[in-house]
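Visitor: Attaching a single structure in structure tokens format; questions to follow.
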Amino acid sequence: MLLDRLLAKNPTKTAARRLHEAATRQGRLPALYLDMNARDTVEGRFEMLTLHVILLIDRLKDEPAAAAVRQALFDVYVRDLDGALREMGVGDLSVGKKMRKLGEAFYGRAKAYDAAFKALPDAGPLNETASRTALDGADAAALTDYILRCRKALATQAAGALIAGEVAWPAA
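In terms of the working numbering, the sequence shown has 102 at position 102, counting the first letter as 1, and numbering is strictly consecutive.
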């Protein structure tokens with residue numbers, strides 16, 4: 001019995017992993033880097049992954065049934081960042097400090113994007129946030145348009161499908 005429970009798949013964690021994998025794939029689309037000015041660096045890829053995770057969390061925040069999936073998605077995001085740091089050769093003693101900085105970066109961006117989303121339909125704050133966080137001050141018009149299309153696409157998707165880990169992103 002205990003072994004069965006330990007080996008059983010947790011649907012919430014499975015859904016969160018699927019959402020994270022979808023956010024990772026979307027955040028790696030060449031168009032983000034070639035057409036929208038995202039930096040093709042470790043930092044730039046962090047920004048694109050973080051943006052897509054924030055978009056998913058934002059979409060699910062008003063869904064009471066999604067609370068566990070939102071938290072599990074964040075947990076997967078953090079675990080994968082930790083693993084990536086270790087793969088890049090960051091020593092065990094430094095990982096904690098770097099993870100703290102990445103956590104602060106995530107929460108700062110989440111707060112900034114949330115404020116920008118609340119200001120919609122005025123896209124100015126979103127454009128400013130995208131430029132500052134994801135593009136090092138570069139023109140964010142194309143990225144802002146993409147973010148708005150992502151929010152619209154996510155809003156039209158059934159919450160149940162998202163909670164099950166199914167997401168369809170728009171083309172970049």
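Positions of the beta carbon are idealized from the N, C-alpha and C atoms, including for glycine.
Please classify Asp-35: does DSSP put it in a helix, a strand, or coil?
Guide: coil
Visitor: Enumerate in chain order the residues of its own chain whose CB-to-CB distance from Val-69 is below 6 angstroms, with the five nearest sequence positions on each side excluded.
Guide: Thr-12, Ala-15, Ala-16, Ile-163
Visitor: Could you tell me the alpha carbon to alpha carbon distance between Leu-120 and Met-88, rounded to whole angstroms?
Guide: 38 angstroms
Visitor: Suppose only complete runs of 4+ residues qualify. What are the alpha helix (DSSP H) ranges in the region 116-156, listed by chain order?
Guide: Within the region 116-156, complete alpha helix (DSSP H) segments of at least 4 residues are found at 124-134, 141-156, given in chain order.
Visitor: Please say whether Ala-31 and Leu-56 have beta carbons closer to each other than 8 angstroms?
Guide: Contact flag unset, no.
Visitor: So with Cβ pairs under 8 angstroms, would you call Ala-140 a contact of chain C?
Guide: This model lacks chain C altogether, as it is built from one protein chain only.
Visitor: Within the same chain, show all residues whose beta-carbon is closer than 7 angstroms to that of Ala-84, passing over the 5 residues directly before and after it, in chain order.
Guide: none
Visitor: So which of Leu-154, Ala-134, Ala-112 has the shortest CA-CA distance to Val-42?
Guide: Ala-134
Visitor: Given this structure, state the Cα-to-Cα distance separating Gly-44 from Gly-27, to the nearest angstrom.
Guide: 10 angstroms
Visitor: Under DSSP, the alpha helix (DSSP H) around Lys-13 begins and ends at which residues?
Guide: Per DSSP, Lys-13 belongs to the alpha helix (DSSP H) from 11-27.
Visitor: Leaving aside the five residues before and after Leu-126 along the sequence, list all residues of the same chain whose C-beta is less than 6 angstroms from its C-beta, in chain order.
Guide: Ala-116, Thr-144
Visitor: Give the straight-line distance between the Cα atoms of Glu-104 and Gly-160, rounded to the nearest whole angstrom.
Guide: 30 angstroms
Visitor: Buried or exposed for Asn-37, going by 16 or more other Cβ atoms inside 10 Å?
Guide: buried
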